[in-house]
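Here the protein sequences line up with chains A, B and C, keeping their order.
In case it helps, our numbering puts the first sequence at residues 254 to 771.
In case it helps, our numbering puts the second sequence at residues -11 to 410.
In case it helps, our numbering puts the third sequence at residues 44 to 408.
Where is the CB? At the ideal position from N, CA and C, for every residue including glycine.
Remember, predicted model here, so these are calculated numbers, not experimental data.
Notes to accompany the following structure.
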Amino acid sequence: MTSLDTQGDPILLEMRSITKEFPGVKALSNVSLRVMAGEIHAICGENGAGKSTLMKVLSGVYPYGSYTGDIVYQAKTQQFKDIRASEAAGIVIIHQELALIPELSIMENIFLGNEPTKWGVIDWAEARKRSLELLARVGLRDDPDTPIKEIGVGKQQLVEIAKALNKSVRLLILDEPTAALNESDSQHLLDLILGLKGKGITSIIISHKLNEIEQIADEITIIRDGKSIETLNVKRDGVDEDRIIKGMVGRTLESRFPDHEPKIGEVFFEVKDWTVGHPQIQDRLVCKGSNFYVRRGEIVGFAGLMGAGRTELARSLFGHSYGRFIKGQVYKDGKPVNLRSVKQAIDAGLGYVTEDRKSLGLNLLDDIKTTTVAAALDKISNYSVVDTRKEFSVAEEYRKSLRTKTPSVEEGVAKLSGGNQQKVVLAKWMFTDPDLLILDEPTRGIDVGAKYEIYGIIQRLANQGKGVIVISSELPELLGLSDRIYTIFEGAITGVLDKNEADQESLMKLMTSARKTA
Amino acid sequence: MNALKKLFGGNTRQFGMIFALVALIVFFQIFTEGRTLTPGNVINLFNGNSYILILAIGMVLVIIAGHIDLSVGSVAAFVGVFVALAMRDWGFPWWVGVLFGLFLGAVIGAWQGFWVAYVGIPAFIVTLAGMLLFRGFNQFVGKSNTIPVPKEFQFIGSGYLPEVGPNTGFNNLTLLIGLVAVAFVIIMSLRARAAAKALGAEVPELWVEVTKLVLICGAILYATYLFATGRPGTSFPIPGLILAVLVLIYGFIADKTVLGRHVYAVGGNRHAAELSGVQSKKVNFMVMMNMSILAGLAGMIFVARSTASGPFDGVGWELDAIAAVFIGGAAVTGGVGTVIGSIVGGLVMAVLNNGLQLLGVGADLTQIIKGLVLLAAVAFDVYNKSQGKRSITGMLMKNFQRNNEIKPDEATSTKEVISKEA
Amino acid sequence: MRMFGKAGKAAAVAAIAALALTACGRTDSGSSSSTAGGEAFPKDSLIGVALPQKTSENWVLAEKLFNDGLTGAGFKADVQFANGGVSEQQNQISAMVTKGAKVIIVGAIDGAQLGTQLKQAKDSGATVIAYDRLLLNTENVDYYVAYDNFKVGVLQGQALLDGMKAKKPSGPYNIELFAGSPDDANAKVFFDGAMSVLKPKIDDGTLKVVSGQTSFEQAVTQGWKAENAQRRADTLLTGSYGTASLDGVLSPNDTLARAVLTSVKAAGKPLPVVTGQDSEVESVKSIMAGEQYSTINKDTRKLVEHAITMVKDLQAGKQLEINDKDSYNNGVKTVPAFLLPPQIVTKENVKTAYVDDPVLGPITK
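Structure representation (structure tokens):
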């Protein structure tokens, strides 16, 4: 562990004029990047700008020869032919989708591919000793034998870093490290990265979370449309979020949310005493007698920490799709309704956009038009026979009105960017013409521009007189969208704040403590 | 060259396999000095393999839904022997026997479907148990004897269309069927084209459509000619007719009905399907029950063709059916596959068997060749798919690609959004 | 690794070691009853009979006969079918040895794959009798009792010639050859027996195999399956018999014979002379109706009866009756054999051949 690069050169990495082409498309065009030793360097840009591609070139995923330009690392021109080569040089990349195996333990994952062996037999004693050391360095006190699937995403991220430390990393690349983390885990991770900086490890962070970048980055490189636009030095240039957005977008975004005049009507959806048990653990409740209501034209936010029970509430309402239903009533337009199956829920006018669109919202084998009609096939079929013409025209309609970026609705959804995939999922639910639409983390993993569009869509739905529930972990998002916000903590609704009385602090207080009985 | 790509490219993944089938037929036709495409041989092909192809229809739906059924051979044999017994010992007339067999298949299917869909035991295990269970029942009921079946029953397995109408030198009914098929194909094609145009969707160029139609209709007419000019008394065989009807029905269901969509949805992503309102348990149950019904039908057709049930019936049929489905382009993980693809896959194996037999190749060498062909066919298909929606000719012509490449993410450019709002 | 930890691993290793040792060890096959003077083993000893798959009528009958005959003679009988294949048969023989069987009669699925179990049997002091199928490449077999399978083939070849001659006095005759499953040792024996009669006639032009498929590999029928024979017959008929007429078919058994006849009937051709074996009910009916030409009567009852006689003689310490000491070399030793004569049955003698057969007698009266 040295505090300075061994060669004493302040520039650790220089990528010069990197150009990477795919058939028909130039992903990177003369991109340059310069990272100083011991600094935290952020890379910002919209989805599709080329950030991940640049990092893949650096780490050897796109090997030497598949790009033009030079990678000069530790003052030597490198020709990485695969990931192992870059790792051997001390460059470790942690991808957005963590590369951990859920069934194996923390220790096994840390040493995967790097097992300490004595004459060909894995030396688990040695591995254990080293894992305890590594875990301590990242601030984890869990038993190394714990299977990965049993620890939360936040801790999994830390295990990935422990894995990187095991590979004697000098340059750590983190792709959207806090995307799936809650506030406290995110903060912990950022502190860790700062701590690693203190120990001489240089980091490159790709992130959309501008507030975090503002917090820890020393330099920020902005990439737009495959070109490097500018590099800002945080201290010297007095950089703040707006400045970063300006660089990413080309002009200041006046507001991140479209203007919206709420037109709120009567209460039309009410939930009383909703109690649901944990699917496996007998004595645990995931929803503790929740009560809430939604009015026509209203956007209601649900705020809470990761694991508070928001998704569980939504899914258990939506056709009892989660947990063991114990008791509770749902009223629509004053009359009680039964939502015992997903189909009943859809027929009753509910729609639910799932949290994880890839695993729960989409069949990645399908194309856009099939997905668009998937939740309301009855509307486009006669006597069970699907009318493919109607299917096509419906899908086209939504493609246009939501401005989904795709050459045609025959394209497979797997090829779309995150933002466009989310639009297709929204289209699917909008087609069912629900009265109440529940959106679970609708803008996760989506760039600024697409988020703006999705906010606009949500507001349009409200304007049509529908009720919208938005579940989100981004408080600014909830504050910008919602007319009222409910807070949830450990399965219970702890409070509700109106738009004008809510702010980050008041929300956070309610999100982190049990309801006071009064 | 680009045009050739347009001819074959687009959504049809199984064009690769049809290519292989045609190539095999041509190969054998040349090397057997013309004995492959004779009326007699073509009729034999269908007679000898219809029951496997019927199994493949059921099996592809099972595999699309993400399961597998290893019991089909044993179920087919069991139904076959039970029906034969019922007709001999209880005096069932042949049509009652057929209904009984289908009913038996449904009961067995419901049993297996229950365990798979509602209890949640993996289909592999349930049907493996079924394979042993029903093989045992087969031996128990049949006592390893062969039981002959009455002539009327044999009709469904070895019968032909009757000779009606004026003496044209051909079997008239077969001609009729062929002409109807051609007319059907042309009309559907024209309608689809008109509909696509009306919606503003992409239509392939006219000459591409015409060429495709000419090729398909040409093939149908040639096949009709072969079947109609067989030995007097033969025509398009009844098992082939049953197969064709089933292909039309199931192809329609899979492609164009809500139920079909549900099967693909459950296979593609069960959780997403459930959260979209699909009742996955019902779908799984129906798919398993349907398979056993078809297995019962296949068993009866086989017994009818063999004129008697026997203790070895059904042995190994599940593997033949599964091979046909995978050669036809289904994915091991579910969510992908077509009925017509499985038929093509089954025909590839059948033509291979038949051709090697005509050439007098010994059994040992035949097995080796079949194994290698199976591997090559699926590897070829997997390679095609891993390249995205590329067609085979696309693979050969990298420079000419305009559509269908792998693009990195399309971005929603914030600039665009803001300029629109401004 | 996660699940067991160090103590668990040690326990697992110890358990596996213990199991291995017991499997390798010698089993004590002592019996509790007493033997009279001159007797090799007690009258109520356990006799093991390991039969192959339960897939044809004669094996099903054999099971019943062995059970009845052995228990009737005062022995304890353990008769098993190995439907699961060779490995199941291996396990069954091992089990019989462990249970202390004094004589083990083996109708092998694959005669060459039981060497280890046969050695176990011999080491335990049991006598090993090969039944119907020779046990190969081992010295651990004492006797062979069977119908003369080579003679079966010869009879089939001769019957084919006789049958065709009766229909059409002079040649040349068009024939096709069918053989059994390539993984059944007997299949080759039948074929060779038949070819010993037919090959000279093929060579001198009396017989013509129109398809040209004269080798065993070309003639085999995988798994002895009727559907394979029917398909091959279909292909041969359309491939080689467009104009030519088929006079005769060598079929090694009744199931395949009926499959060939079904194919010929479906093709609308005149029925050729077809041979068979096993005297299955449907084929006997077929012969009486003038369709199948011949079958072989290998009365299972006689074979089982003789096997049981051998057991009784062994028990009493008597010398076994042997009528062939030289023909059956199994690769390691020449096994003394008692061969029963197979009987060819055609329409001529079908009425008398099965007189005392409980099943076929009533049908052929």
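The closest CA to that of leucine 314/C, considering only Lys162/C, Lys211/C, Asp290/C, is found on Asp290/C. With fewer than three CB-CB distances shorter than 8 Å, the segment 344 to 355 of chain A does not count as touching the segment 285 to 293 of chain A. Here proline 515/A carries a coil assignment [DSSP, helix/strand/coil].
Close to chain A, meaning a Cβ-Cβ distance shorter than 7 Å, are the following residues of the segment 220 to 248 of chain B: Lys244, Thr245, Val246, Leu247. Within the DSSP secondary-structure output, alanine 120/C pairs in a beta bridge with Ile90/C. Our two residues, methionine 268/A and leucine 463/A, have alpha carbons roughly 24 Å apart in a direct line. The C-beta of lysine 394/C has fewer than 16 other C-beta atoms within 10 Å across all chains shown, which makes the residue exposed.
With a threshold of 9 Å between beta carbons, serine 294/B makes contact with chain C.
A buried status is given to asparagine 616/A, since no fewer than 16 other beta-carbon atoms sit within 10 Å of its beta-carbon. Within 10 angstroms of the beta-carbon of isoleucine 18/B lie fewer than 16 other beta-carbons, which makes it exposed. Sequence-distant partners of glutamine 163/C (beyond 5 residues in either direction) whose C-beta falls short of 7 Å from its own C-beta, in its chain, are Ser137, Val140. Contact between the segment 215 to 228 of chain C and the segment 291 to 298 of chain C is established, with three or more Cβ pairs separated by less than 8 Å. Assignment of alpha helix (DSSP H) within the segment 244 to 279 of chain B, counting only whole runs of 4 or more residues, yields 246 to 256, 258 to 262 in chain order. The count of Cβ pairs closer than 8 Å, one atom from the segment 413 to 420 of chain A and one from the segment 380 to 400 of chain A, reaches three, so the stretches are in contact. With 16 or more other CB atoms across the displayed protein chains lying within 10 angstroms of its CB, valine 254/B is buried.
By the criterion of a C-beta distance shorter than 6 Å, leucine 692/A is surrounded in its chain by Val606, Val723, once the five residues flanking it on both sides are discounted. Of Val146/C, Gly214/C, Ala269/C, the smallest CA-CA separation from alanine 93/C is found for Val146/C. At a cut-off of 9 Å between beta carbons, isoleucine 599/A contacts chain B. The Cβ-Cβ distance between alanine 648/A and threonine 625/A falls below 9 Å. The residue from Thr26/B, Ile113/B, Phe141/B with its alpha-carbon nearest to that of tryptophan 82/B is Phe141/B.
Annotation: glutamate 21/B has no Cβ neighbours in chain A at a cutoff of 9 Å; minimum Cβ distance is about 45 Å. At a cut-off of 4 residues, the continuous stretches assigned as alpha helix (DSSP H) that sit fully inside the segment 282 to 336 of chain B are 305 to 315. Per DSSP, the continuous alpha helix (DSSP H) segment holding valine 391/A begins and ends at 377 to 391. Residue pairing by DSSP places glycine 291/C opposite Ile218/C, Val316/C in a beta bridge. For phenylalanine 125/B, the three-state secondary structure derived from DSSP is helix.
Buried is the label assigned to methionine 238/C, since at least 16 other Cβ atoms lie within 10 Å of its Cβ. Bounds of any alpha helix (DSSP H) do not take in phenylalanine 158/B, whose DSSP letter is neither H nor E. Counting only runs of 3 or more residues that sit fully inside the segment 96 to 170 of chain C, the beta strand (DSSP E) segments are 119 to 124, 146 to 149, in chain order. One alpha carbon belongs to asparagine 160/B, the other to valine 30/B, and they sit about 18 Å apart. Segment contact: the segment 87 to 104 of chain B against the segment 303 to 323 of chain B, fewer than three CB-CB distances shorter than 8 Å; contact not assigned.
For threonine 455/A, the uninterrupted beta strand (DSSP E) run begins and ends at 455 to 459, by DSSP. With its beta carbon at least 9 Å from every one in chain B, valine 129/C lies outside the interface.
Straight-line spacing of the CA atoms in lysine 251/C and aspartate 205/C works out to 16 Å. Against chain B, a Cβ distance below 7 Å from serine 254/C picks out Gly348.
Taking 9 Å as the cut-off, the beta carbon of leucine 286/A is found no closer than this to the beta carbon of serine 460/A. Remark: C-beta atoms of aspartate 153/C and valine 171/C do not approach each other more closely than 9 Å.
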